[in-house]
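Below is one structure; the comments refer to it alone.
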DNA sequence: TTGTAGGCGTTATCAG
DNA sequence: CTGATAACGCCTACAA
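Chains as they are written, first to last, in this note's numbering: chain A, 1 to 346; chain B, 1001 to 1346.
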């Protein structure tokens, strides 16, 4: 008998004592509702005495402002939206974490949605969200640049892990990390490295491949491009054979998941890592240090990207500074056990 | 010149063409606003012809109902709240994933918040959320049973990973998985197992310890309880020494993180797993198969718990069936490489 | 400093 | 089936 419905067993409305409104508080405090409103929305614009009365009445009634009702006149919902490409991909967890932390720290509510890797559902989700959110964060968006730009003209919008001109972006600066990685490989006698790509439509994958190419050129290393079916451990397992056939002595995988799959499959096939082949991943994903050897990886500060993007968005919200600059978060090589000297094949 | 403000550079309001309302649609379709409202909220209660007109007008104006405005008269926000104990703990991600998937599939929005392991902030968060949400999901709650019960009397509420009488709960049924694990150990000649506990206040940790005790009793195994500072890999590393000193030949760790930390620390210390000591974790956490040997673990169907809890909540929402039964999701032993025959110590 | 009145976008209750 | 009109809970000029 936790909740005994008094009258008729209605649809789904709670019977409970109707939640208090400013009217109830006003009546109890003996003031006008608008005064109560002020007391809550602009502290200081009400006398200390009445503020006290209101405060007291409010707490005995356990009054809480109704965010919906508040959002109507103001247009501000105190809510941020985060759309990620794939909830299934642990890469995004760090971003969610960062965004949620900052949001709640600044008194905002975070609503989460995923686009299931579909540009279409992503757009629909974004449009629905637009109506109930003050600003939007897109992580790993699959939508066209023009669509994103258009969206950003309606509500403040920040993009993570991708660059769109005219829209504030937060991306990891892969150049530094990749350069370190390639230098590390070159210094260990490697001559040929294979880049195992991710999803063909992924902006980030292309971006990383570019960085790898220029770094290799600079270090006079040969690099080959290997396609993969999907950016998961299974995807990694699937391409192990192809990578081996390429003749490369070192692998740069598009992400850690691929790298780990590769590592496991190669080890299972009797290939020793890093003695026979070196493997380097991307992201420093949760669990990438669980492997033996632990995975060398180019750390993408995803968490900090989430934090930075959210901070950025909130700043945009209360300053209207139209700075659509791309923020680069530094990446770095995390040297662990899966990479080392090139095999002296003979 | 992405968004040229026409007039004055206001605070933070978007200058853009004010978003369309039912009034705009009504005018364009030549009907009354209330008819437009009907057309959207109760399809069928409007003639096919006018419905068409409205549909057309709405789409050319790209009208989207304002959720806030809609929530005001109805009291329904089409939004679900999920509060998790610690965003930092990957365990909860599966739950988030499940909840988000179901929510959006049923047209609901999911808002996410964390309690930072504090009963106090959890309560505050819950209360704030209560105002803007149709129902609440608590995962790994730290609040008192009475508080949760009280909360559940205001809005439909489902608890994950914990049992509270009078409140619908979804918990993994550890009994089965633990029994399998202990039988597995007993069958391999183990005589003494150590249970490495998690956070002292954790309901789940106590619950698992109970299960381990009864299973051990049933299989006539000795079991010892080892405290740990925190349920992380580092926490695992910290207790490695103590566990070794206990003389147990097998370890059941409260969760996979602890187990992995233990595994790494023991291996680093020259202890062979599973030859010298067997390790079994809980949860089948993401990455628990990255280790060498891969971690044997009692799989908690966290994702399915999230799904079940959300489904449950939604059912509660539109049926007012006051079923406060506890739903048990079956666990099972996932036999991988970290457990095996007891060391023949001599 | 505080009260008055009108409006935010929708739904709901009546008539017609 | 459709059109007025009053809520919903709160904010905000404007006036006192």
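We put the beta carbon where it would ideally sit given N, CA and C, even for glycine. Keep in mind that this is a model prediction, so the values were computed, not measured.
Open item on the list: Which of the three DSSP states is assigned to residue 163 of chain A in this structure?
Closed with: Residue mapping note: residue 163 of chain A aligns to position 163 of the first chain, counting from 1. Note: residue 163 of chain A maps to coil in three-state DSSP.
Task: Cβ-based burial, residue 1144 of chain B [other Cβ within 10 Å; buried from 16] - done: Position 144 of the second chain, counted from the first residue, corresponds to residue 1144 of chain B. By the neighbour-count rule (16 or more Cβ atoms within 10 Å), residue 1144 of chain B is not buried but exposed.
Open item on the list: Using a 10 Å radius around the Cβ and a threshold of 16 neighbouring Cβ atoms, would you call residue 155 of chain A buried or exposed?
Closed with: Residue 155 of chain A sits at position 155 when you count from the first residue of the first chain. Buried is the call here.
Open item on the list: Can you give me the C-alpha to C-alpha distance between residue 157 of chain A and residue 167 of chain A, rounded to a whole angstrom?
Closed with: As a position in the first chain, residue 157 of chain A is number 157, starting the count at 1. As a position in the first chain, residue 167 of chain A is number 167, starting the count at 1. Answer to the nearest angstrom: the Cα atoms are 7 Å apart.
- [ ] For the beta strand (DSSP E) containing residue 42 of chain A, list its first residue and its last residue.
- [x] Mapped onto the first chain, residue 42 of chain A falls at position 42. Element bounds for residue 42 of chain A: n/a, residue is neither H nor E.
Open item on the list: Can you give me the C-alpha to C-alpha distance between residue 1197 of chain B and residue 1236 of chain B, rounded to a whole angstrom?
Closed with: For the purposes of this step, residue 1197 of chain B is identified with residue 197 of the second chain, where counting begins at 1. For the purposes of this step, residue 1236 of chain B is identified with residue 236 of the second chain, where counting begins at 1. Spanning the two alpha carbons is a distance of roughly 10 Å.
Open item on the list: Any contact between the stretch 1185 to 1197 of chain B and the stretch 1210 to 1228 of chain B? By contact I mean 3 or more CB pairs, one from each, below 8 Å.
Closed with: yes
Task: Assigned exposure category for residue 1060 of chain B - 16 Cβ within 10 Å defines buried - done: Within the second chain, residue 1060 of chain B is the residue found at index 60, counting from 1. With fewer than 16 other Cβ atoms within 10 Å, it is exposed.
- [ ] Quick one: grab the DSSP three-state call for residue 76 of chain A.
- [x] As a first step, residue 76 of chain A is located in the first chain; it is residue number 76 there, counting from the start. DSSP places residue 76 of chain A in coil when its eight states are reduced to three.
Task: When A:232, A:338, A:279 are compared against residue 258 of chain A, the one with the closest alpha-carbon - done: As a position in the first chain, residue 258 of chain A is number 258, starting the count at 1. Comparing Cα-Cα distances from residue 258 of chain A to each of A:232, A:338, A:279, the minimum goes to A:232.
TODO: Go ahead and label residue 1140 of chain B buried or exposed: buried means 16 or more other beta carbons lie within 10 angstroms of its beta carbon, across all protein chains shown.
DONE: The residue given as residue 1140 of chain B occupies position 140 in the second chain. It counts as buried.
TODO: Using a Cβ-Cβ cut-off of less than 8 Å, list which residues of the stretch 87 to 118 of chain A approach chain B; keep chain order.
DONE: 87, 88, 90, 93, 96, 97, 100, 101, 104, 109, 110, 111, 112, 113, 114
TODO: Rank B:1165, B:1206, B:1281 by C-alpha distance to the C-alpha of residue 1327 of chain B and give the top, closest one.
DONE: Reading the second chain from its first residue, position 327 is the one you call residue 1327 of chain B. Nearest option by C-alpha distance: B:1165.
Open item on the list: Pull the bridge partners of residue 1122 of chain B from the DSSP assignment, please.
Closed with: Along the second chain, read from residue 1 onward, the residue named residue 1122 of chain B stands at position 122. Residue 1122 of chain B pairs with nothing; no bridge assigned.
Open item on the list: Assess contact between the stretch 254 to 274 of chain A and the stretch 335 to 346 of chain A, defined as three or more Cβ pairs (one per stretch) separated by less than 8 Å. Is contact present?
Closed with: yes
Open item on the list: What does the Cβ neighbour count give for residue 43 of chain A, buried or exposed, with the cut at 16 atoms within 10 Å?
Closed with: Residue numbering aside, residue 43 of chain A sits at position 43 when the first chain is read from its first letter. Classification of residue 43 of chain A: exposed, given that the 10 Å Cβ count is below 16.
Open item on the list: Quick check: is the beta carbon of residue 1006 of chain B nearer than 7 Å to any beta carbon in chain A?
Closed with: As a first step, residue 1006 of chain B must be located in the second chain, where it is residue number 6. Only weak support is given to the placement of residue 1006 of chain B: the predicted model assigns it a pLDDT of 35, under 50, and the value that follows is read from those uncertain coordinates. Chain A contact via Cβ: absent.
Open item on the list: Which residues in chain B have a C-beta closer than 7 Å to the C-beta of residue 68 of chain A? List them in chain order.
Closed with: Your numbering for residue 68 of chain A matches position 68 in the first chain. The answer, in chain order, is 1068, 1071, 1072, 1077, 1132.
Open item on the list: According to DSSP, is residue 303 of chain A part of a helix, a strand, or is it coil?
Closed with: For this step, residue 303 of chain A is matched to residue 303 along the first chain. In this structure, residue 303 of chain A counts as helix in the three-state DSSP scheme.
TODO: Would you mind working out which of A:77, A:264, A:30, A:260 sits nearest residue 132 of chain A, comparing C-alpha positions?
DONE: Working through the first chain from its first residue, we reach residue 132 of chain A at position 132. Closest option to residue 132 of chain A, Cα to Cα, is A:77.
Open item on the list: Give the list of continuous alpha helix (DSSP H) stretches no shorter than 4 residues that lie fully inside the stretch 158 to 237 of chain A.
Closed with: 174 to 187, 203 to 219
Open item on the list: At the level of alpha carbons, what is the spacing between residue 1316 of chain B and residue 254 of chain A?
Closed with: Numbered from its first residue, the second chain carries residue 1316 of chain B at position 316. Numbered from its first residue, the first chain carries residue 254 of chain A at position 254. Those two C-alpha atoms are separated by around 44 Å.
Open item on the list: Pop quiz: residue 125 of chain A and residue 83 of chain A are said to be a contact at Cβ under 8 Å. What is the actual Cβ separation, rounded to whole angstroms?
Closed with: In the first chain, the residue the question calls residue 125 of chain A occupies position 125. In the first chain, the residue the question calls residue 83 of chain A occupies position 83. 6 Å between Cβ atoms; contact.
Task: DSSP state of residue 1143 of chain B mapped onto helix, strand, coil - done: For the purposes of this step, residue 1143 of chain B is identified with residue 143 of the second chain, where counting begins at 1. It is coil, neither helix nor strand.
Task: Close-in-space but distant-in-sequence residues of the same chain around residue 296 of chain A (CB under 6 Å, 5 per side omitted) - done: The residue given as residue 296 of chain A occupies position 296 in the first chain. For residue 296 of chain A, where only same-chain residues beyond five positions count, the Cβ hits under 6 Å are 280, 335, 336, 338, 339.
TODO: Report the rounded CA-to-CA distance for residue 1267 of chain B versus residue 70 of chain A, giving the unit in angstroms.
DONE: Translated into positions along the second chain, residue 1267 of chain B becomes position 267. Translated into positions along the first chain, residue 70 of chain A becomes position 70. Cα to Cα, the separation comes out at about 58 Å.
Task: Spatially closest choice to residue 186 of chain A from A:278, A:151, A:330, A:54, by CA coordinates - done: Residue 186 of chain A sits at position 186 when you count from the first residue of the first chain. Checked all of A:278, A:151, A:330, A:54; the closest Cα to residue 186 of chain A is A:278.
TODO: Alpha carbon to alpha carbon, how far is residue 1286 of chain B from residue 305 of chain A? Give it in angstroms, no decimals.
DONE: To locate residue 305 of chain A, count along the first chain from 1; it is residue 305. To locate residue 1286 of chain B, count along the second chain from 1; it is residue 286. Near 22 Å, if we compare the C-alpha coordinates of residue 1286 of chain B and residue 305 of chain A.
TODO: Assign residue 1000 of chain B to one of two classes, buried (16 or more other C-beta atoms within 10 Å of its C-beta) or exposed (fewer than that).
DONE: Limits of chain B in this structure are 1001 at one end and 1346 at the other, which puts residue 1000 of chain B out of reach.
TODO: Compare the Cα-Cα distances from residue 1152 of chain B to each of B:1171, B:1173, B:1174, B:1129 and report the closest residue.
DONE: By one-based count along the second chain, residue 1152 of chain B stands at place 152. Ranking B:1171, B:1173, B:1174, B:1129 by Cα distance to residue 1152 of chain B puts B:1129 first.
Task: Under 9 Å (Cβ pairs) to chain B, residues found in the stretch 271 to 287 of chain A - done: 285, 286, 287
Open item on the list: Report the CB separation of residue 1290 of chain B from residue 291 of chain A in whole angstroms; it is logged as a contact under 8 Å.
Closed with: Within the second chain, residue 1290 of chain B is the residue found at index 290, counting from 1. Within the first chain, residue 291 of chain A is the residue found at index 291, counting from 1. About 5 Å; that satisfies the 8 Å criterion.
Task: DSSP three-state assignment for residue 1288 of chain B, whether helix, strand or coil - done: Counted from its first residue, the second chain places residue 1288 of chain B at position 288. Looking at residue 1288 of chain B - three-state DSSP - the assignment turns out to be coil, as it is neither helix nor strand.
- [ ] Drop a sphere of 10 angstroms on the beta-carbon of residue 248 of chain A, count the other beta-carbons inside from all chains shown, and report buried for 16 or more, exposed for fewer.
- [x] Counting from 1 along the first chain, the entry for residue 248 of chain A is found at position 248. Flag for residue 248 of chain A reads buried.
TODO: Taking residue 111 of chain A as part of the beta strand (DSSP E), name the residues at either end of that continuous run.
DONE: Within the first chain, numbered from 1, the residue matching residue 111 of chain A stands at position 111. First-last of the beta strand (DSSP E) with residue 111 of chain A: 109 to 114.
Task: Given residue 298 of chain A as reference, the closest of A:313, A:309, A:329 once Cα atoms are compared - done: The residue labelled residue 298 of chain A in the question sits at position 298 within the first chain. Checking every option, the nearest Cα to that of residue 298 of chain A belongs to A:329.
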